[in-house]
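Participant:
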Amino acid sequence: MALNRQKFMNTYIDNVTMEEAIGHIEECIQKKKIGQVITPNVDQIVRMEWDDYFKKICDNCELLLVDGHPLIWIAKLYGKPFKEKICGSDLIPVLCNIASKKGYSVFFLGAAPGIAAKAAEIMRKQNLGLKIAGTYSPPLGFEKDPEELERINKMLLESEADMLFVGMGVPKQDAFIYENMYKYKIPMSFSIGGTIDFIAGIQKRAPKWVSKIGFEWMYRLLHDPRRMFKRYIVDDMKIIRLYWKYRKV
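Structural data, given as structure tokens:
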């Protein structure tokens, strides 16, 4: 835990490059060390301000990797720049590529019925030799069903996967991993939000040049305004107040 971790606003971030993060993830896999990886963006930083349980989950992560250009910009304004933006949608394909070469196995959990399996198959085609330990799309409300939770944990334990990719949205995915990772005993678990949908082609990512200049959020807002307006325009604007609150911390 704590790989070059530095204080940032109301939390801590592991200030590392993609290469350094992957090196640490591989070390954990090889040592069978159980841990959780979250890539907080603006929305999650804002959530930590009022959601104590989510903050506790993040504070106990094996890795917290910065996702989102606004956070990169804020860190520069604070005079403590981050080395690199690392989002789940970039990290997971890289990990699948490495897994195909080194024999690690992966499990995709989440998204709508059939989507996790589709994403896994796409990753397998792009990375010959990738071992898919399993896929599963849990039913709605599974987190409140002890029998379903037990079934999922048994499925994951028996898969003997090295990495678990969980895409259920914040904070459901994060709480699931935090509360169950020592039951299913997969070394590294990743909260990846909509990445399964992106891989499966259900949702489109912004063009690389748009992401590079920090306007992927605008692309998503324009393409899905009804769903994204409250998040980006109402909720995430609270980051401005937090910037001033934590600028001298």
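When the letters of the sequence shown are read in order and numbered with our numbering, they come out as residues 2 to 250.
Glycine is no exception: its CB is placed at the ideal position from the N, C-alpha and C atoms.
1. Thinking C-beta only, is Tyr137 closer than 8 Å to Ala113?
2. If you drop the 5 nearest sequence neighbours on each side, which residues of the same chain put their C-beta closer than 8 Å to that of Ala100?
3. Roughly how far, in whole angstroms, is the beta-carbon of Lys173 from the beta-carbon of Asn154, given that I think they are within contact range, below 8 Å?
4. Is Tyr105 helix, strand or coil by DSSP?
5. When you compare only the Cα positions, how much space is there between Met10 and Arg242?
6. Three Cβ pairs or more, each shorter than 8 Å: is that satisfied between the region 67-74 and the region 27-47?
7. Hey, how far is the Cα of Trp51 from the Cα of Ala134?
8. Among Leu158, Met169, Cys62, Ala120, which has the Cα closest to the Cα of Leu141?
9. Which one of Gln37, Tyr244, Ile123 has the shortest CA to CA distance from Phe177?
10. Could you tell me if Asp60 is buried or exposed, where buried requires 16 or more neighbouring beta carbons within 10 angstroms of its beta carbon?
11. Taking the CB atoms as reference points, tell me whether Ile197 and Gly111 lie closer together than 8 Å.
12. From Ile62 to Phe143, what distance separates their C-alpha atoms?
13. Could you give the first and the last residue of the continuous alpha helix (DSSP H) run that contains Ile203?
14. Verify whether the separation of the beta carbon atoms of Asp15 and Leu92 is less than 8 Å.
15. Where do the N-terminal and C-terminal ends of the beta strand (DSSP E) with Tyr79 fall, by residue?
16. Here's a check: name, in chain order, each residue in its chain whose Cβ is nearer than 7 Å to the Cβ of Lys81, leaving out the five neighbours to either side.
17. Would you kindly work out how many angstroms separate the C-alpha atoms of Glu161 and Ile30, rounded to a whole number?
18. Below 8 Å on the Cβ atoms is my guess for Ile200 versus Met124; work out the distance and round it to an integer in Å.
19. Mapping DSSP to helix, strand and coil, what is Phe83?
20. Within the same chain, show all residues whose beta-carbon is closer than 6 Å to that of Phe191, passing over the 5 residues directly before and after it, in chain order.
21. Which of helix, strand or coil does DSSP assign to Gly69?
22. The alpha helix (DSSP H) that contains Lys184, what's its start and end?
23. Between Lys249 and Leu78, what straight-line distance do the alpha-carbon atoms span, to the nearest angstrom?
24. Please classify Gly194: is it buried, with 16 or more other beta-carbons within 10 angstroms of its beta-carbon, or exposed?
25. Residue ranges of each beta strand (DSSP E) run of no fewer than 3 residues wholly in the region 131-179, ordered along the chain?
26. Grouping DSSP H, G and I as helix and E and B as strand, with all else coil, what is Arg248?
Facilitator: This is what the structure holds:
1. Mapped onto the sequence shown, residue 113 falls at position 112. Mapped onto the sequence shown, residue 137 falls at position 136. Not a contact, by the Cβ cut-off of 8 Å.
2. As a working note, residue 100 is residue 99 in the sequence shown. For Ala100, where only same-chain residues beyond five positions count, the Cβ hits under 8 Å are Ser106, Val107, Asn128, Leu131, Lys132, Asp163, Met164.
3. The count along the sequence shown starts at 1 and reaches residue 173 at position 172. The count along the sequence shown starts at 1 and reaches residue 154 at position 153. Contact flag wrong, Cβ pair sits at about 16 Å.
4. Counting from 1 along the sequence shown, the entry for residue 105 is found at position 104. Here Tyr105 sits in coil by DSSP.
5. Taking the sequence shown and counting its residues from 1, one reaches residue 10 at position 9. Taking the sequence shown and counting its residues from 1, one reaches residue 242 at position 241. Roughly 11 Å between the two C-alpha positions.
6. yes
7. For this step, residue 51 is matched to residue 50 along the sequence shown. For this step, residue 134 is matched to residue 133 along the sequence shown. So the two alpha carbons sit approximately 37 Å from each other.
8. Within the sequence shown, residue 141 is the residue found at index 140, counting from 1. Here the closest residue by C-alpha is Met169.
9. In the sequence shown, counting from the first residue as 1, residue 177 sits at position 176. Checking every option, the nearest Cα to that of Phe177 belongs to Gln37.
10. Looking up residue 60 in the sequence shown gives position 59. Looking at its Cβ environment, which holds fewer than 16 other Cβ atoms inside 10 Å, Asp60 is exposed.
11. Residue 197 sits at position 196 when you count from the first residue of the sequence shown. Residue 111 sits at position 110 when you count from the first residue of the sequence shown. In contact: Ile197 and Gly111 (Cβ atoms closer than 8 Å).
12. Looking up residue 62 in the sequence shown gives position 61. Looking up residue 143 in the sequence shown gives position 142. Contrary to the premise, residue 62 reads as Cys rather than Ile in this sequence. Cα to Cα, the separation comes out at about 23 Å.
13. Within the sequence shown, numbered from 1, the residue matching residue 203 stands at position 202. Element bounds for Ile203: n/a, residue is neither H nor E.
14. Taking the sequence shown and counting its residues from 1, one reaches residue 15 at position 14. Taking the sequence shown and counting its residues from 1, one reaches residue 92 at position 91. Result no, Cβ atoms of Asp15 and Leu92 do not sit closer than 8 Å.
15. Taking the sequence shown and counting its residues from 1, the one referred to as residue 79 is at position 78. Unbroken run through Tyr79: none, as it is neither H nor E.
16. In the sequence shown, counting from the first residue as 1, residue 81 sits at position 80. Excluding sequence neighbours, Lys81 sits near Gln7.
17. In the sequence shown, residue 161 corresponds to position 160, counting from 1. In the sequence shown, residue 30 corresponds to position 29, counting from 1. Those two C-alpha atoms are separated by around 12 Å.
18. Position 199 of the sequence shown, counted from the first residue, corresponds to residue 200. Position 123 of the sequence shown, counted from the first residue, corresponds to residue 124. About 6 Å; that satisfies the 8 Å criterion.
19. One-based indexing of the sequence shown puts residue 83 at position 82. Reduced to three states, the DSSP call for Phe83 is coil.
20. The residue given as residue 191 occupies position 190 in the sequence shown. The residues are Val38, Phe166.
21. The sequence position of residue 69 within the sequence shown is 68, counting from 1. Coil, per DSSP.
22. Within the sequence shown, the letter at position 183 stands for residue 184. Taken as a continuous stretch (DSSP letters only), the alpha helix (DSSP H) holding Lys184 covers 173-185.
23. What you label residue 249 is simply residue 248 of the sequence shown in a count that begins at 1. What you label residue 78 is simply residue 77 of the sequence shown in a count that begins at 1. Whole-angstrom Cα-Cα distance: 11 Å.
24. Looking up residue 194 in the sequence shown gives position 193. Buried.
25. 132-137, 164-168
26. Reading the sequence shown from its first residue, position 247 is the one you call residue 248. The answer is coil: DSSP assigns Arg248 none of H, G, I, E or B.
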